[in-house]
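Numbering (our numbering), first residue to last: 3 to 231. The beta-carbon is built from N, C-alpha and C at its ideal position, and this holds for glycine as well. First the structure, in the form of structure tokens, and then the observations on it.
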Amino acid sequence: MKYASLVAQLRQFNRTCLLCAQSSSRLICQYCEQDIPVYNLGKLDHNLLNDVKVASDIKHVAFHELVALGEYRWPLDMLVTQLKFSKKQINATALATLFCKKALGQMSSAPELIIPVPLHPSRLASRKYNQASLIAKEISRKTGIEIQYDALFRKHKTQAQTELSSFQRAKNTRNAFVLRESISVNHIAIFDDVVTTGATVSEVCETILASYPNMLIDVWTICITPSHQ
């Protein structure tokens, strides 16, 4: 047995679940996975815009389909927050695994390309990584769908969206992005870790649609923040 393979197996044997800390061969054990509340996309034609409550919360829509794993509450919110602010990058793999298994399922029409929402360069320099890109990379690896990291550039350092109203969110992200690479496919997925009103992802979509008006665009995200938050 090769040394690298042996090390990988030993690491897996010694792994514990990210949620319950019990011994597990998976990042999230089967028992915790069963308890995670997720959207039933099969009943919604695989598009959360068909859910009345979700659609009423998303104030800005410049895309065709919305796919999310679940609401921004425990334990998904904890996994996202730890990845985003505590440098727990293993969470990106765990979240991508859940997303592919629970959210993507049997897609009738898969996008040909994933584009993660970029951070402003100063924020990227401070954080050292883009959490959306890390999760998108793992999704790309698991699905075989190509990823294009540098298609977009975030030219404005916007204020944190969590601090703003729906109107302020839209104003905050207006003209925040620029397309700097060509896109050679007709169907793409924009990926962000959390979507609240849809202002950020819609601004991304509008930036792309300005150059590619016939582009079919889906939005993929781990969590949607409920309106009561």
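Counting C-beta neighbours from all protein chains within 10 Å, is the total for G44 16 or more, i.e. buried, or is it exposed? exposed
Nonlocal neighbours in the same chain, by C-beta distance under 6 Å from V9, ignoring five residues either side: Model confidence at V9 stands at a pLDDT of 36, short of 50, so the residue's coordinates are unreliable and nothing is read from them.
Output the distance between the C-alpha atoms of I116 and S142, rounded to the nearest integer angstrom. For I116 and S142, the distance between alpha carbons rounds to 7 Å.
Would you be able to state if there are at least three C-beta pairs under 8 Å between the segment 33-40 and the segment 66-77? yes
Determine the contact status of I137 and A70, defining contact as a CB-CB distance below 8 Å. Result no, Cβ atoms of I137 and A70 do not sit closer than 8 Å.
Burial state of R156, where buried means 16 or more other Cβ atoms lie within 10 Å: buried
Among N49, E148, I149 and I30, nearest to I92 - alpha-carbon criterion: I30
Assign T198 to one of three DSSP states: helix, strand, or coil. coil
Member of L20, Y151 and V203 whose CA lies at the smallest distance from the CA of R182: For R182, the nearest C-alpha among the options comes from Y151.
Do A98 and L81 have their CB atoms nearer than 8 Å? At a Cβ-Cβ threshold of 8 Å, A98 and L81 do not count as neighbours.
Report back the beta-carbon spacing between H189 and S111 to the nearest angstrom; my notes put them in contact at under 8 Å. 7 Å
Nearest-angstrom Cβ-Cβ length linking P118 and F179, presumed shorter than 8 Å: At roughly 12 Å, the Cβ-Cβ gap does not stay under 8 Å, so P118 and F179 are not in contact.
What residue range does the beta strand (DSSP E) around R156 cover? L154 to R156
Can you have a look at G200 and say buried or exposed, based on whether 16 or more other CB atoms are within 10 angstroms of its CB? buried
Buried or exposed: which applies to D195, given that a residue is buried once 16 or more other Cβ atoms fall within 10 Å of its Cβ? buried
To which residues does DSSP link E67 through a beta bridge? D220, per the DSSP bridge assignment.
Quick one: what's got a C-beta closer than 6 Å to T164's C-beta in the same chain, skipping five residues either side? Low confidence applies to T164: its pLDDT is 48, below 50, so where it sits in the model is not reliable, and the reading given next is rough at best. Excluding residues within five positions, none has a Cβ falling inside 6 Å.
Which residue or residues does DSSP assign as beta-bridge partners of V180? Note: V180 is bridge-paired with F155 in the DSSP secondary-structure output.
Taking the CB atoms as reference points, tell me whether V197 and I226 lie closer together than 8 Å. yes
Closer than 7 Å: is that where the CB of L154 sits relative to any heavy atom of the ligand MN? Although the ligand MN was asked about, the structure shown includes no ligands whatsoever.
From what residue to what residue does the alpha helix (DSSP H) around P123 run? Following the DSSP letters along the chain, one finds P123 inside the alpha helix (DSSP H) bounded by residues P123 to R129.
Ordered along the chain, which non-local residues of its own chain (more than five positions away) have a Cβ less than 6 Å from that of C34? C19, L21 and C22
Taking S186 as the reference, give the member of Y214, G72, V221 and S88 with the closest Cα. Of the candidates Y214, G72, V221 and S88, the one whose C-alpha sits nearest the C-alpha of S186 is Y214.
First and last residue of the beta strand (DSSP E) that includes L115? L115 to P118
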